[in-house]
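See structure below.
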Amino acid sequence: MDEYKIKSIEEGLTKIEFPEFDKISSDAPVFYNPNMELNRDLSILAIQVFQKQEQREINICDLFGGSGIRGVRYKNEIDGVRNVCINDISEIANHYERHNIELNNLDDIEVFQHDASMFLRMKRGEFDVIDIDPFGTPSPFLDSAGYCSRRNSLLCVTATDTSALCGTYKEPCIRKYNAKPYKSEYCHETGIRILSGFVALTLSKYAKCIEVKMSHSTEHYMRLYLYVKKGSKRTDESLKNIGYISHCKNCLHRQTSMGLAGPIEYVCPVCGEKLIHAGPLWLGDIQNEEFIQKMIDETENKKINREKQALKLLNSCLKEAKAPATFYDVHKICKSLKASAPKLDLIFEELRKEGFIAIKTHYNPLGIKTDATIKDIENIILKLCETENI
Ligand SMILES: C[S@@+](CC[C@H](N)C(=O)[O-])C[C@H]1O[C@@H](n2cnc3c(N)ncnc32)[C@H](O)[C@@H]1O
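Here it is in structure tokens:
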């Protein structure tokens, strides 16, 4: 290990060292991505909220340890953590995980070198929190997570294969998530819903169901925080949240249909064109107001370098908790109307004046989450163009 030049970094209250590399890539001797600091900060807030809600000491599994930054930060920065297990298939990663545990003078962290699925199965039922942060898709590991997770536990899932989930190519999404994507203006939300739906369907095999407490799509990744509950009746009920989003490419109308095999319309009720379907996916809540508010409150107690960014995202997700599924992109609507775009705030104001919900979204700064129809929004835009003389 002496062959490497060592880099030292600090995140939160934790210091980490690992071999220096030129480019962030899975080829680095030990993987560390500084752009994921926000992801780790939010994880600390979410796990702390979970720990306080459960009012007990918790055991955490950092399933894909890399440099160990997650597991080490979790033990160092979250109250009420009894034990952390850091696992990674790579021997060099294990070496630096041990080194970083020592560097931060921590006890009650163990390091393991196993394939992630094997490790979960060896430790079935031992963890209150399982953090899945792999390269690319979490899909191959979700069966083991479903089989091994405890009732009333927290499952944290990262996916970096956003192009599959967003539908840049549909085959990888069908292969990995058994769902058809659609690359619309709200494809990142569809991706979050496909990922959540896939986790829900995978866990249901083990009579376990999910509640999505917080989710976001940021830069190159998507992240879910899920409460796992147990019981066949409860799971049957929860699967009623699986359904489809149908989209009209011609007029931008969209609608949802609940049920894995429920009736689904093929013709757009607004313009008569063919509807395109995405799913199966999760149509239940993807943000939980109470949980996110507690995450916001928890920022007071933690040292988070990216606090401003974390709070901006959390406040946006908090508001989105009350919003309907999907959103409209103002520029896309204006393009189809061949009209110039009025000021975004004016459109929000007008929608609210007319009694509609109008909420911004973290997915897109030009997005509007609303219960207004495409025709309602178009009329508002055209009216504003006239009164604003644009
Ligand atoms: C994205 S990195 C983890 C990053 C880390 N969680 C962080 O926040 O910095 C993925 C890690 O998974 C490890 N890995 C790859 N395949 C694995 C498998 N099948 N089982 C366990 N670990 C695996 C790699 O060695 C790599 O360190």
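Numbering of the sequence shown is given in our numbering, commencing with residue 96 and proceeding in unit increments.
C-beta atoms are modelled at their ideal positions from N, C-alpha and C, and glycine is treated no differently.
Legend entry - Buried versus exposed, by CB contacts within 10 Å (16 or more), Q51: Residue 51 lies beyond the residue range present for the chain, which begins at 96 and ends at 485; the question has no answer from this structure.
Legend entry - One or two residues paired with D424 in a DSSP bridge: As a first step, residue 424 must be located in the sequence shown, where it is residue number 329. D424 pairs with G462.
Inset, instruction - Let me know the secondary structure DSSP gives Q208 once reduced to three states. - result: To locate residue 208, count along the sequence shown from 1; it is residue 113. The answer is coil: DSSP assigns Q208 none of H, G, I, E or B.
Legend entry - 8 Å Cβ cutoff met for H457 and E415: Residue 457 sits at position 362 when you count from the first residue of the sequence shown. Residue 415 sits at position 320 when you count from the first residue of the sequence shown. Taking 8 Å as the Cβ cut-off, H457 and E415 qualify as a contacting pair.
Inset, instruction - Kindly indicate which three-state DSSP category V524 falls into: helix, strand or coil? - result: Residue 524 lies beyond the range of the chain shown here (96 to 485); nothing can be said about it.
Inset, instruction - Output yes or no for whether 8 Å exceeds the beta carbon distance between M492 and A141. - result: Residue numbering for the chain in the displayed model covers 96 to 485; residue 492 lies beyond these limits and cannot be assessed.
Inset, instruction - State the Cα-Cα distance for the pair K369 and K278, rounded to the nearest angstrom. - result: As a position in the sequence shown, residue 369 is number 274, starting the count at 1. As a position in the sequence shown, residue 278 is number 183, starting the count at 1. C-alpha separation (whole angstroms): 16 Å.
Legend entry - Spatial neighbours of Q353 in its chain, beta-carbon cut-off 7 Å, leaving aside the 5 residues before and after: The residue you call residue 353 lines up with position 258 of the sequence shown. At residue 353 the sequence reads Met, which differs from the Gln that was named. For M353, where only same-chain residues beyond five positions count, the Cβ hits under 7 Å are K335, G338 and L378.
Inset, instruction - Enumerate in chain order the residues of its own chain whose CB-to-CB distance from Q404 is below 7 Å, with the five nearest sequence positions on each side excluded. - result: If you number the sequence shown from 1, residue 404 lands on position 309. Take Q404, set aside five residues on each side of it, and the residues of its chain with a beta-carbon closer than 7 Å to its own are L133, in chain order.
Legend entry - Cβ-Cβ distance between G161 and F116 below 8 Å: Here residue 161 corresponds to residue number 66 of the sequence shown, with the count starting at 1. Here residue 116 corresponds to residue number 21 of the sequence shown, with the count starting at 1. Going by C-beta atoms, G161 is not nearer than 8 Å to F116.
Legend entry - Within-8 Å CB hit, I454 to chain C: In summary, chain C is missing from the structure at hand, where a single protein chain is found.
Inset, instruction - Return the CA-CA distance between A356 and I196, expressed in angstroms with no decimal places. - result: Stepping through the sequence shown from its first residue, residue 356 is reached at position 261. Stepping through the sequence shown from its first residue, residue 196 is reached at position 101. Their Cα atoms are separated by approximately 49 Å.
Legend entry - Where the alpha helix (DSSP H) containing R168 begins and where it ends: To locate residue 168, count along the sequence shown from 1; it is residue 73. Its alpha helix (DSSP H) spans residues I164 to E172.
Inset, instruction - Return yes when the C-beta of F40 is under 7 Å from any heavy atom of ligand 1, and no when it is not. - result: In the structure displayed, the chain extends from 96 to 485; residue 40 sits before or after that span and is not available.
Inset, instruction - May I ask which residues mark the beginning and end of the beta strand (DSSP E) holding I101? - result: Translated into the one-based positions of the sequence shown, residue 101 becomes position 6. Counting along the chain, the beta strand (DSSP E) containing I101 begins and ends at I101 to E106.
Inset, instruction - Measuring alpha carbon to alpha carbon, tell me which of H315, V323, P375 and K324 ends up nearest I340. - result: Stepping through the sequence shown from its first residue, residue 340 is reached at position 245. Among H315, V323, P375 and K324, the Cα nearest to that of I340 is on P375.
Inset, instruction - Could you work out which residue in G367, F214 and D440 is closest to C156 when comparing CA atoms only? - result: By 1-based counting over the sequence shown, the position of residue 156 is 61. Looking from the CA of C156, the closest CA among G367, F214 and D440 belongs to F214.
Legend entry - Option nearest N345 by Cα separation, candidates L432, F230, A211 and A274: Along the sequence shown, read from residue 1 onward, the residue named residue 345 stands at position 250. Answer by Cα proximity: L432.
Legend entry - beta strand (DSSP E) segment containing V125, residue limits: Along the sequence shown, read from residue 1 onward, the residue named residue 125 stands at position 30. That residue, V125, is in no beta strand (DSSP E); it is neither H nor E in DSSP.
Legend entry - For D380, three-class secondary structure by DSSP: By 1-based counting over the sequence shown, the position of residue 380 is 285. If DSSP states are grouped into helix, strand and coil, D380 belongs with coil.
Inset, instruction - Run the proximity test for Y127: is its beta-carbon closer than 7 Å to any non-hydrogen atom belonging to ligand 1? - result: Walking along the sequence shown from the start, residue 127 turns up at place 32. Yes, Cβ of Y127 sits closer than 7 Å to a heavy atom of ligand 1.
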